[in-house]
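Residue numbers (the working numbering), protein chains in the order written: chain A, 3 to 452; chain B, 94 to 872.
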């Protein structure tokens, strides 16, 4: 074992005599991250994926010139302070989102394929299937040392009733993360609950013996139900058995988390007010969740996160910016300039939320730079033009310099139908979670290094 | 895939009648010889060139099928044929394509043949995938199991929806996030339900009585006696103040003795706040003082406890020496002990679970715990817990006791484990049989209770299951009737009706506040309430489901009545209101439905039409092709006419027309209702034209006439509703063989005036509801 003792956040806070948001400190790196690395640990690399539905108005999105020094198009204006951290990737495609004989349902397919590169099975319920998503693949590799392997956020609840998209279960249009081909990962929409997950320390004031006892009881309960599930598994058929497997793997994940969270390494509540619940307006809601993502990265509580600004096909009306029409309705613009204008307005509003997130990330100092330097953040939609329902020529941004491995501040135009998943392979390499292929990938994406 | 097959047979009659009038008629489909005359030619023309000959593609040789008998021997192949043709996968794009009529001829025949083949003999009852409780079911089950209605599942991630409902086993997944919540909820529930801390310990306080402090609320009668007691020489009371912090029974123990005289012993009455509780005979004397106990019920606050001497006796001169004397009462001290932890003083949820008190001998605790846990686990698992399960649960109990924890803490741990066990979280139906089999009694009880109550079975259902009486049709009928009359049946309204009619979506819709400034939360919830009460009325008044389409009553409060322009309804509470204007009445003209089928800024006749086709007629239109030009909107667009005129221009494209001709007229009929369901005569300054022509040629003028036409589609509507409700009841998408059950249910319904309760009863008695496919049949 290393003689290096980890500092708990509590100790650090006490030492500094202050409760301000903390920069990442080398000594706080979990031992596992230090093992095998050079004596001086680099800040960990994180990845995040932000999703917006219904495509964007591309004429206001795509820069006119390629390479560095491009003029920011209207929709991307709010990103001006971060242009040197920004890569606009044009021409990427998620071919799995196309019908391929399955008929309508482009919204469901857009989301289900966005991070998976897999063509989802058309079903309203029985045997849902897409593919493992890039974030989950990364989480399964690098998430073992953090409190949460990954953090899934979103502003919209799953649909409450009805059909979401033409014969596709609503699971496809409300979940972006898939931990396996058949298991969508639910997202959290309530900021208070996200906060609890990140910072809950069990019973306040509980110390030593009683806490150890509680942990032991929890472990025994998990053992008990694991045995229940194993026995049950034997008496069920194959389909039901899969559900029990899901149960068992969730139990295992929780057991892992209990082991990771050693008693003296509980994260302290940060200097941030505990959120009360879901704010009524979209912007406050989105920004609160963005804050929590930043806190999670900052405290190294997770290194992988997804954030759906809205469910795919969302018909939210953005009356706060003077667009009372439904977003999905508008996206079927039929070439109407009025609708183009309103769509671009919504797109810009979403980009403003991204800019907010980036400003918070940039405010966190890490090593010689900021959190933004140690991040790869993908922002985009699984639909290009909402009117055409196309899944090529997607609007995609890559932000952050990935620990200095990405030369940002450019616009890159890729050949038509370049798989989005090539980008994911390149990102996974950088995360130390490299794989040979994912979904429909055909290789690494060239050009990120400059 | 299954879905498309299923929807395809939803309404072949309607499709055939409306879309392709020249394909096979319903009677023709079933006629012998149709295969040879009509179907085989289509196969020969488009399929056999690949799927025939010596090396048929994909090993599928359709040339071997020369008559219906041959088809019946290989249904699996024909299910695939149907699927591929319907999805447009076959013939491949680069081969000659059959006409719409030819496709319809082929598919209608295969449909019908497969169906009648499937309904012959014992039908395949299907098998639902292991369902975990969804959020509503979890909340309700905890409410009924533990007796705490505090909605722990409100913090759970939302349940995904499949086939229109959120109780579908296949899509109810269990990610770590949810497991985390289950664990937290279980911990929270046991802590709230079971008391396992110092609150169980009675507090004891002793007061010496010879001396008193200065509390003005207290009163010390009598005199100190020999420095250790207080003597009462005449009737009077000592009043003490006691402040219990918790409600419960308290024991008052008094050490006392009497100076006895006369025929009776000295008597002591205990009063609480001036009220006599009990009088005891103090027979002891000074040489051996006695202790006397009185149990008093107390509520928290400042209580006055009085100890009164009530039978003073003073006859120093009586001639009878036996009666001569002076009776006095002496009190040494008083103890208040409480609250006494008898079951009655503990909160209801605690008593419900820990229904017997641990024995005074610790060696018997394990036996006590076993009895308690057997009862709890059997209710939680919705079937008797096995001895092996109890043994394992008791190891958790043992662990706590070994740590020196209380009896109740041990129970807490075991109960917590039960609440995260897969047997609680999932509704388990075992697959021990290889062949299709009836559900066991407990499984059936759970299907019933989750269908009608979205919760666990109650004692009556458990008892009937234990006595093996539930499989009896008359018993089932009686139970359904009883359950529908129980308040818990409101779950069927909220969860089934809320999703069938999609009014749940109203909670997240936001009509344009610029155009509809009067739309607020009060109006939103009033809209939902109207539709719920209306559904409830049709259910509890045993009405025909056709009343959904048109009715001469509804439920309104002042707010909604004003919205509808109906006078004379005052106040916030809802009441039944007769409707005199035939234009308003039935779900189609309720503001809830009219709003969810509109866009935030305008009505959508397409959405309204589509909703009717999907939720009422069970004939969903195919999805739109990609890359369709959209409607012109905005100021410039208005120059080219009303919304309706623009839609009609838009529809000129023949690719769009085939479907829109079915959807749009239905929506146009309701154009007089604005995007939030208020009546209007004009839109965008142009008069509204609510007339229409249906594909059948029927014409109508406005909502009243359109509703009248829809009411004649009784068979389609009944079938549609039966399918939706069966889907909800089973928790799975319907499959091919379920058509047999649906056929039977709808036939019975039509013979019983389409009563909604009859629909519920027939579903409960149907094979898919009462049986389960065997393990051997898993595909």
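Beta carbons: idealized from backbone N, C-alpha and C, even for Gly. All values derive from a computational prediction rather than experimental measurement.
Within 7 Å of the CB of residue 248 (chain A), the CB atoms of chain B belong to 266, 267, in sequence order along the chain. Contact annotation: residue 443 (chain A) and residue 424 (chain A) have beta-carbon atoms nearer than 8 Å.
With a cutoff of 8 Å on beta-carbon distance, residue 365 (chain B) and residue 161 (chain A) are scored as not near each other. Residue 259 (chain B) and residue 227 (chain B) have their C-alpha atoms roughly 7 Å apart. Looking at the backbone, the Cα of residue 751 (chain B) and that of residue 199 (chain B) are separated by about 20 Å. Annotated three-state conformation of residue 253 (chain A) is helix, per DSSP. The region 482–494 of chain B makes contact with the region 222–231 of chain A, as at least three CB pairs between them are under 8 Å. Within the DSSP bridge table, the entry for residue 671 (chain B) names B:646 as partners. For residue 366 (chain A), no Cβ of chain B is located within less than 8 Å of the residue's own Cβ.
The three-state reading of DSSP puts residue 426 (chain B) in strand, counting E and B together.
Residue 835 (chain B) counts as buried, since no fewer than 16 other beta carbons sit within 10 angstroms of its beta carbon. Using beta-carbon distances, residue 58 (chain A) does not count as an interface residue toward chain B, since no partner is under 8 Å. DSSP, reduced to helix, strand and coil, places residue 366 (chain A) outside both helices and strands of the structure shown, so it counts as coil.
Inter-residue distance for residue 462 (chain B) and residue 469 (chain B) is about 10 Å (C-alpha atoms, whole angstroms). When CB distances to chain A are screened at a threshold of 8 Å, the residues of the region 496–517 of chain B falling below it are 496, 506, 509, 510, 513, 514, 515, 516, in chain order. Sixteen is the threshold: since fewer than 16 other Cβ atoms of the shown chains lie within 10 Å of the Cβ of residue 566 (chain B), the residue is exposed. Taking 7 Å as the Cβ-Cβ cut-off, the region 274–304 of chain A has no residue approaching chain B. In this structure, B:224 is the residue among B:166, B:224, B:209 with its C-alpha nearest to the C-alpha of residue 536 (chain B). In this structure, DSSP gives residue 275 (chain B) a helical state, which the three-state scheme calls helix. For residue 351 (chain B), there is no enclosing alpha helix (DSSP H); the residue is part of the beta strand (DSSP E) that begins and ends at 341–352.
By the criterion of at least three beta-carbon pairs nearer than 8 Å, the region 301–314 of chain B is not in contact with the region 264–282 of chain B.
Residue 817 (chain B) has a beta carbon lying at 8 Å or more from every beta carbon in chain A. DSSP places residue 573 (chain B) inside the alpha helix (DSSP H), whose first and last residues are 566–577. Comparing alpha carbon positions, the residue from B:218, B:133, B:143, B:132 closest to residue 864 (chain B) is B:218.
Counting along the chain, the unbroken beta strand (DSSP E) around residue 322 (chain B) starts and ends at 322–325. Per DSSP, the beta-bridge partners of residue 186 (chain A) are A:180.
No residue range can be given for residue 158 (chain A), since it is assigned to no beta strand (DSSP E) and is classified by DSSP as neither H nor E. Looking at the DSSP output, residue 371 (chain B) bridges to B:363. From the listed residues B:250, B:431, B:263, the smallest Cα separation to residue 344 (chain B) is found for B:431. Residues of chain B with a Cβ closer than 7 Å to the Cβ of residue 129 (chain A) are, in chain order, 263.
With its beta carbon less than 8 Å from one in chain A, residue 248 (chain B) belongs to the interface.
Interface flag for residue 251 (chain B) against chain A is set, since a Cβ pair is found closer than 8 Å. For residue 187 (chain A), the C-beta contacts it makes with chain B under 7 Å involve 268, in order along the chain.
For residue 601 (chain B), the secondary structure class from DSSP, reduced to helix, strand or coil, is helix. In this structure, residue 263 (chain B) lies near residue 222 (chain B), with their beta-carbon atoms less than 8 Å apart. Neighbours of residue 351 (chain A) in chain B, taken as residues whose beta carbon is under 9 Å from its own, are absent, since the nearest beta carbon is some 15 Å off.
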